[in-house]
Structures are given as structure tokens and as C-alpha cells.
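Colleague:
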Amino acid sequence: MSSITLDSKVPSGPLAEKWDKHRFDMKLVNPANKRKYTVIVVGSGLAGGAAAASLAELGYNVKCFCFQDSPRRAHSIAAQGGINAAKNYQNDGDSVFRLFYDTIKGGDFRSREANVYRLAQVSVNIIDQCVAQGVPFAREYGGLLDNRSFGGAQVSRTFYARGQTGQQLLLGAYSALSRQIGLGNVEMYPRTEMLDLVLIDGHAKGIVVRDLITGEISSHAGDAVALGTGGYGRVFYLSTNAMGCNVTAAYRAHKRGALFANPCYTQIHPTCIPVAGEHQSKLTLMSESLRNDGRVWAPKKKGDNRPANQIPEDERDYYLERKYPSFGNLAPRDISSRSAKEACDDGRGVGEFGRGVYLDFSDAINRLGKNLIKERYGNLFDMYERITAENPYEVPMRIYPASHYTMGGLWVDYNLMSNLPGLHVIGEANFSDHGANRLGASALMQGLADGYFVLPYTIADYLARVGAQNISTDRQEFKDAEQQAREKTQKLLSINGSRTAESFHRELGHIVWENCGMARNETGLKKALQMIPELREQFWRDLKVAGVENSLNQSLESAGRVADFMEFAELLCQDALHREESCGGHFREEYQTDEGEAVRNDDKFTYVAAWEHTGYGKTAELHKEKLEFENVKLATRSYK
Amino acid sequence: MNITLHVWRQKDANDPGAMEVYTAKDVSADSSFLEMLDMVNEDLAQKGIDPIHFDHDCREGICGMCSLVINGVPHGPQAATTACQLHMRSFKDGDAIYIEPFRARAFPVLKDTIVDRTAFDRIMQAGGFISVNTGGAPDANAIPIPKTAADKAMDAAACIGCGACVAACKNGSAMLFVGAKVTQFANLPQGQSEKAARAKAMVAQMDLEGFGNCSNYSECEAVCPKEIKVEVIARMNREFLGATVKSSS
Ligand SMILES: Cc1cc2nc3c(=O)[nH]c(=O)nc-3n(C[C@H](O)[C@H](O)[C@H](O)COP(=O)(O)OP(=O)(O)OC[C@H]3O[C@@H](n4cnc5c(N)ncnc54)[C@H](O)[C@@H]3O)c2cc1C
Ligand code: FES
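Protein sequences appear in the order of chains A and B.
For the first sequence, the residue numbers in this note's numbering are -14 to 625.
For the second sequence, the residue numbers in this note's numbering are 735 to 983.
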């Protein structure tokens, strides 16, 4: 404990040359030796799927796991809007450096320069790769690739495939993965959930899993483990994430010693369909791309409940255009979300519960015609209508912010390896590239960058250094971890109380949303830190899980995930309480300007907060990685 | 509103299974179909009854996980809509709703309404890809692709792999699913060199998995939540024919 020193392993030398130099300096695994190594990849989303396919292509044996029935269903499938790349195809002044700078600034100067620069560099390869795989990106009439703009940027660098970009990118990765499965280079384990990480002499050498069909708990050994298990946005219960998204894999690795970095950096997306009632199980995102043509407004008058069409122009407050004239409706997510909250807190919210603002397309429809709008956003408009029974071509959409993405995650160095040797973390599950706020269309970019173009190189450095070990799951470390997983499962089933995991999750989500959501303050966070352990205690006393251990049991799956959220939520609030500044998605009400803008405290907080687990219910221990800025000047983010 | 549910319950793959009756009380018209099932399940769990198992994940119509036959129709009554996107306002107070799994020889039931669709993955593994390794791809704009071709490829690529097409077909055919992938790649220059081999390999695997033939009833198109058109089947047949002609000559 506390002997941990966080070495980011950022290579020396000029920013633009670091990655090249590092690739040269890293050890390689001889092609003929690659098949002696087994890499375990947990997750088949953009990060995991791309990594599993690419590692197998290189010659490694790969075992890939996901909890859905097919790798194609990972939650990356749901991304709508697009993926960034510094191609500068539009000739509008984009460059690797500009994408780097926008990302650092968008992240409110809380990310690692070298990682972000590398991300911007490889972004261009991603688009090439995806096109070669047959991803049908949108094109212009001349046959070249089309781009759109996304929040937080003034250039057009977002590539898209209608409103289904994530789907198409994931199907590209899934195709590549399928090819490698067919060739026998990847063993795929769908409907299999990781329950624990297994360490041998401090190195990550395997995992314990539960077969979700038979309920059987078993182990898999390998030479290295990569987690691409996605984000923890469902800690808020209601979110745009899929129902199965969880923190389990990451959190159990955390309990085995992996540091959890910046958990309080969560992203609340400004454009989601508002909550419609108590029955709500998830929230649906309306892609940020809609803000290219939609104008956000709230009534100027409090409690104005006239239908939108009857509120005259001069009684509407286009608050983003008013407050941020140069970025307007394309202000970054954290800022847009908070502004919506302010309007609603001010009593100017719309819709049944007053928690909503308008996203209005009437100007765009008048200017461009309904057909063009339909071509651009037709499927999103249809989705909106299916959910709300309102026609957005005629009445403005109602939107409200919702939990969407998590910038925090397991701490990794420049090689995407955690502090536990052998444990690599990719995609949304790591903390690496987005600082305190992620720009739109940059998560897909990061997932694929990690999976296709970073991990396949960097993992070789680790493997070559330790050598192939051919570890067997007969070892005691595996047997012990399996036994613990079995005991935990049996405990969940044996409580036989009166409340379902789902109902506990709802309550937990409410506590976290109210006290550690879009705006946070000391009093609220302290209250949450008191309520969460109480609820957790109740969970372990009064939980009811139907069904049996050795069968397909969705109640049990859910209970296991909620149990981890119960512990993780405390870490999230602890981090939020300790960070006495406002930055990006972390807005502490105590630290703001008179105009309500975030105020960072660079002297005290220009570091990554990496938390070490110290035991169940105990306060985690803080480790700091100081962030060095050599190429950009820390500035107050301004989108005015 | 109050609804009577008739639901297929089956403990595991070996259990014969049967319909059971439940009631859903005070259902909000704004809730989704799956949220209505959540409510019923909350109730069942309270009573110590194993909840109704159903596959679901994204709940926004894109992952393809949800797979319910509702009143005899895969994904239910609303056109171009997955079960998870169906809302209770499509039903009325006092309705009886029948809920069953996607049934097909190639999709064995695992529990209640959950079926095994890994046959689709194996078809993809047989040929549903363009053989490029990571790295070394030419610049993305090196080969212009006419917008019309790209749009056609995208129309086909919209398939979410849910399997409703198979469940709707009296032969349990997977032609719409396979046709969609074959058509996507056949419309793109990148997919040309392997197009014959791809169609052949995917069709061979499809047959091996026990999917039936197409007898042109177009039930698949009618239930497809992504409105994939039966033209993709014609395209697949064309590619497949081309492949067999080539290999026999
Ligand atoms: C609605 C929505 C829209 C979005 N739109 C955009 C966009 O337009 N542009 C953009 O850049 N980003 C977007 N994002 C963000 C982006 O989609 C995600 O951050 C990204 O796809 C995450 O990819 P991933 O590979 O890290 O994780 P995921 O795709 O979530 O994959 C996680 C994988 O891990 C597996 N897994 C998880 N836990 C376990 C376990 N315990 N055991 C075994 N397997 C496990 C899952 O089965 C899955 O295969 C959007 C996100 C949402 C929710
Ligand atoms: S749950 Fe994803 S498509 Fe229905």
C-alpha cells in the first residue's frame, strides 16, 4: 500500500515524435513466437473487438469475452453521431495539432498531453481502416467522404454513417473479429461475465468468469489481460447506456489492486429525451449532431406552459446562443447540460415535470426544407416520435441532460497498462484521453485507436519482457478466486429479503444523481457518502434474488452488478468531494464565477486522482499523477 | 391500463415449456413494452417467482438483442419497430397479449423467451467480412464511392442481426440476414474481390445451421425493424449463382 508510484511512462522528446520514438524503443515479440502467448480480451465493443481482432491478426492466441449473446451487440453499437479524425478533408484548417488541442481544451486541461496527441495522430488511420473494412460512411455526391461538425470544435471533422455510426464501426470490428474466430485465432465466449481478475505474483494472468447460460463459474489463464468493458454511467441508474453496462469488471480489478482514476469525471449529455415517469428504465440520447441544425431554447417567463408554437419569438430565450455567441448551440456538453439545468432550476423548464428544454428545428426546416432535415436526421426524428408520440417536424423536441459517458476509469500508463503489470485497459473503461470532459465523436475514436493502433503494439512490450509462461488454471490463485466468486453468488441468492436488485439500483441512482450529478457541493456529497453505505448495508440484508445459481438467471446477474455499483458509488462521491475545483463534467457549485462558469484550481489540482482500494467500506487511498503541460498553456476554457 | 399476458415459460433448453398467464396492472401508456415487463417481473420477484426472462440491452432498437414474438408477430404490431421501442400506447386497456420466443430450428430456446442465435455469428465467421488486416489501408478517400452506391450499402448494413426475419419465415430462412451482408459488401469496391467466395461460404454455413429455404412470402421484410428489403435476397442469389457458375467452369 501507498508504496505505489505512478509512472506514466510518457516517452521523452518532442510531442510529435513521442509515439514514433516509443514504437522504436519498445520490445517486439518475434512473429514466430507470438502464437506462444495468449491474450485475454474482456469486451467486444469498439475497443475490445478491435483489439481482439488485431492481436489475432498479429499471431497471438486470443480469448475474447462479452456478456451479450453476440460480440456485435456491445454497447458501442448505440453510438449515433460520428467519429472524429484529423483528416482535414474539408480544408477548413484542421490538423493533428488542432484535434489534439481541442481535445485537451475540451477536457478542461485534465488529460495527459502525450496520450491525447497520439490519439489525434492515429485518428487518421482509423478512418482508412474502417473504409477498407467496408464501413459505409456518408459520402458527398462526388463520392468523397462527408463530414459534419460536433460540439466543442469549429472545424468539420466528424465522419458518420447516418445516425448509426457506432453500429457501423462496431460491425466493422465485429467482421474483423469474426474472420479471426473463423480462422481459429480467437476463441469467443459470449454470454460470459467476468467476475474477477487473477493475479500471479502480482501480474494479471487470468480471469474468473460465469457462464450466463449454465451458471458455471470457471477460470481462464493467459499471458496478459485487456479490459475493454465500457463505462460506469449506470451508476446513476437512468442513463443512455444499455441495461447491461456495468462497472463490475473494472471494479473487481480495482479490488485486486488496480487504481481507479478520476471517477468523478462523468459526462451528462445535454440532448436526451426527458424522463416520462416512474416506470422509466433508461433514457434515450438524441444525437449531438442535431445541434448542428436545432436551436436550443427555454421560455423567458417562469412557469410558461403554453405549447411551444404559441410562445412568440421574443419570449424565447435561446440561452446557448445568448451566452456563448461564438459556439452557440455547439457549446461543449458539460456547458450545455448545465445551462439546461439552470433554466429548469429557474422554473423555466418545459414538459410535464418541468425538466426539459426545447430543441427546435423550425428555422432549419424553413431554411433547408423538410426533406434535407429528414435525410440528415430522419431516423432520430422517428425514434423521438416512437418514444414520445410527438412529431418533431411540427413541434420542437423536448430534451434534458442524462448520464451518458464516463471519462474516469482504471488508471493506465502510456502503454495502456494499469499499475498491475499485465493488466491493460482500453476504451471507455480506462481514464486516459478525455480529461474532465469528452468532446462529441471522440469516444469512438479513442476506442478504435486503443484497439486497432495502440494496444497491439504496446502489449508486445510487456509480453516480450516477461516471456510466455503457459500458466495453468489449476494454480491455487485461480481456485481461490473461483471459490470467492461462488461464495459471493451464493450469498446474493441466500439473503432472501424483500427488495429486488433493480429497486436498490433505482434508489442508489437517485442518490448519486441528486448529489453527484450535473452540479455538486460539499453538503450534498457528504450526505451521499452517508446514504450510500446505509443503502449498501440494507442491500446485503434485504435483497431478494429469485431463481437458482446454476441456470440462466437475470436477477442474479443484475444483483452482482448492483452490488459493485453500491461500492463504486462511494468512490465516485469521495473523488468528487476531494476535488475542490470545477473542471469539465465535474462542477462544484462552490467554485464558479459570478456568471456561473467553472473555476479550476490549477495550483492544487493539476493531477490525476488515482484511488487505491483499501478494503470493503474503507476510504480509498489517493495517489497523484501530476499532469505536465509542455505544449499547451493552461487557460480558462472559453466558448463565448 | 390493465393487461392480461400469456407468456411462454420454459425453464431451460430441455424443458417442454408452456404458456402461463399473468396480469399487468396500472400500466402507463408512456411506458415501453419492456418496461411493462419489468413491472410484471418486479411483482413476480416479490412473490418469489422466477421473473420472465427476455433478452434486451440497448432498449433503443439498435443492438438487436430483444427478441419477442408479440401477438404472433416478431417485435409486435408496430412496423419498423423493435420490441424495446414499442410503447404501451399501441395497446388498450383490457387487451390480452401473447408473448413468445423467436422460434426457428436454428434458434433453440435457452429459457423462456431467450433463444440461442449464435448461428448468425457462425455465418458471419464463414464469410461476413472483407479480408483486411489492421494497418496498411490506403487513404480513405483514395477510392471515391458514388453516393448512391454508398447509400445502398448503408441501407443493407442497417441490419441489427435480431433474427426477426427468421422467426417470421415459415421455413425459418436466414436469407434476409445473409442477403443484407452480401449486398452491403457487393455495393462497395472494397468488397468486390471476395464477393463470390463470400456469398458461397455464407450460404453454405447458413444451410449447415439448419435455416430453411426462401419461398418468396416476404414475411421477413414485413417484420424487419430496419426495413431491409427482399431485394437483398435477389442480390445474394445473383452473387451465389455467379460463385457457383465460376467454380464449376
Ligand atoms: C447512446 C450513446 C451514443 C453515443 N454516441 C457516440 C458518438 O456519436 N460518438 C462517440 O465518439 N461516442 C459516442 N458514445 C460513446 C461511445 O459509444 C462509447 O464510449 C464507446 O463505444 C465505448 O466502447 P467500449 O469498447 O469501450 O465499450 P462497450 O462498447 O460498452 O463494450 C463493452 C464490452 O465489454 C463487455 N463487458 C462489460 N462488462 C463485462 C463483464 N463483466 N464481463 C464480460 N464482458 C463484459 C460487454 O459485453 C461489451 O462487449 C455514445 C454512447 C452512448 C451510450
Ligand atoms: S434491446 Fe437493443 S434492439 Fe431492442
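Here a beta-carbon is modelled for each residue, glycine too, at the ideal position from N, C-alpha and C.
#1: Does DSSP put F841/B in a helix, a strand or coil?
#2: Here's the rule I'm using: 16 or more other beta-carbon atoms within 10 Å means buried, otherwise exposed. How should N69/A be labelled?
#3: Using three-state DSSP, classify I962/B as helix, strand or coil.
#4: Kindly list, in the order they appear in chain E, the residues whose Cβ is closer than 8 Å to that of L156/A.
#5: Determine whether the beta carbon atoms of L(-9)/A and A595/A lie at a separation below 8 Å.
#6: Please name the residues in the region 455 to 488 of chain A whose beta-carbon is closer than 8 Å to at least one beta-carbon of chain B, in chain order.
#7: Once the 5 residues before and after Y627/A are set aside, which same chain residues still bring their CB inside 7 Å of it?
#8: Sorted by chain position, which residues of the same chain lie with C-beta nearer than 6 Å to T251/A's C-beta, five sequence neighbours on each side aside?
#9: Could you tell me if the beta carbon of R371/A falls within a distance shorter than 7 Å of some heavy atom in ligand 2?
#10: Check the C-beta distance from D79/A over to R142/A and give it rounded, since I have them as a contact under 8 Å.
#11: Considering only heavy atoms of ligand 1, does any lie closer than 7 Å to the CB of Q821/B?
#12: Could you check whether P386/A and Y447/A sit closer than 8 Å to each other, using their CB atoms as the reference points?
#13: Among the residues of its own chain, which have a CB less than 7 Å from the CB of G913/B, if the five just before and after it don't count?
#14: Cβ-heavy atom distance between H817/B and ligand 2 below 7 Å?
#15: With DSSP collapsed to three states, give me the class of M(-14)/A.
#16: Could you compute how far the alpha carbon of A884/B sits from the alpha carbon of S347/A?
#17: Would you call the region 466 to 474 of chain A and the region 164 to 184 of chain A in contact, with 3 or more CB pairs under 8 Å?
#18: With respect to 7 Å, is the separation between the Cβ of G151/A and the closest non-hydrogen atom of ligand 2 below this value?
#19: Buried or exposed for Q152/A, please, with buried defined as at least 16 other CB atoms from any protein chain shown within 10 angstroms of its CB.
#20: Among the candidates I877/B, S949/B, Q924/B and L942/B, whose CA atom is the shortest distance from the CA of L910/B?
#21: What separation, rounded to the nearest whole angstrom, lies between the Cα atoms of C329/A and W282/A?
#22: List the residues of chain A that N867/B touches, going by C-beta distances under 7 Å, in chain order.
#23: Measuring alpha carbon to alpha carbon, tell me which residue in A209/A, Y343/A and G91/A is nearest M271/A.
#24: Using the rule of at least 16 other Cβ atoms within 10 Å of the residue's Cβ for burial, across every protein chain shown, is L618/A buried or exposed?
#25: Checking the sheet assignment: what are the DSSP bridge partners for A209/A?
#26: Apply the 10 Å Cβ neighbour rule to M(-14)/A and answer buried if 16 or more other Cβ atoms are within range, or exposed otherwise.
#27: Using a Cβ-Cβ distance cut-off of 8 Å, determine whether M(-14)/A contacts chain B.
#28: Taking any Cβ of chain A, which residues in the region 823 to 853 of chain B have a Cβ under 8 Å from it, in chain order?
#29: Using the beta-carbon of each residue, which ones in chain B are nearer than 7 Å to G532/A?
#30: Pick from G216/A, R164/A, A17/A and G600/A: whose alpha carbon is nearest that of S242/A?
#31: Hey, how far is the Cα of W525/A from the Cα of T199/A?
#32: What residues in the region 859 to 883 of chain B have a beta carbon less than 7 Å from any beta carbon of chain A?
#33: Are any of the Cβ atoms in chain B nearer than 8 Å to that of P317/A?
#34: For R103/A versus V593/A, is the C-beta distance shorter than 8 Å?
#35: Quick one: what does DSSP say C249/A is sitting in, helix, strand or coil?
Modeller: Let's see:
#1: strand
#2: buried
#3: Correct three-state label for I962/B: coil.
#4: Here the protein chains are A and B, and chain E is not one of them.
#5: yes
#6: S483, T485, E487 and S488
#7: No answer is possible for residue 627/A: it lies beyond the span of chain A, which begins at -14 and ends at 625.
#8: T391 and G570
#9: no
#10: 5 Å
#11: Contrary to the premise, residue 821/B reads as His rather than Gln in this sequence. Result no, Cβ not under 7 Å from ligand 1.
#12: At least 8 Å separates the beta-carbon of Y447/A from that of P386/A.
#13: V966, I967, R969 and M970
#14: It is Ala, not His, that sits at residue 817/B in the sequence shown. Remark: the shortest separation between the CB of A817/B and any heavy atom of ligand 2 falls under 7 Å.
#15: Bear in mind that a pLDDT of 49 at M(-14)/A, under 50, signals an unreliable position, so the number given afterwards is only what the model happens to contain. Residue state, collapsed to three classes: coil.
#16: Between A884/B and S347/A, the C-alpha separation is close to 29 Å.
#17: yes
#18: In terms of side-chain proximity, the C-beta atom of G151/A is found no nearer than 7 Å to any non-hydrogen atom of ligand 2.
#19: buried
#20: S949/B
#21: 11 Å
#22: E42
#23: Y343/A
#24: For the record, residue 618/A in the displayed sequence is Lys; it is not Leu. Exposed, since its Cβ has fewer than 16 Cβ neighbours within 10 Å.
#25: V24/A
#26: Interpretation of M(-14)/A is limited by its pLDDT of 49, a score under 50 that renders its predicted location unreliable; no figure is taken from the coordinates.
#27: Low confidence applies here, because M(-14)/A scores a pLDDT of 49, under 50, leaving its location unreliable and the question unanswered by this model.
#28: R823, L844, K845, I848, D850, R851 and T852
#29: D784
#30: Before going further, note that residue 242/A is Gly rather than Ser in the sequence given. It is G600/A.
#31: 25 Å
#32: Q859, A860, G862, F863, I864, S865, V866, N867, T868, A871, P872, D873, A874, N875, P878, I879, P880 and K881
#33: no
#34: no
#35: coil
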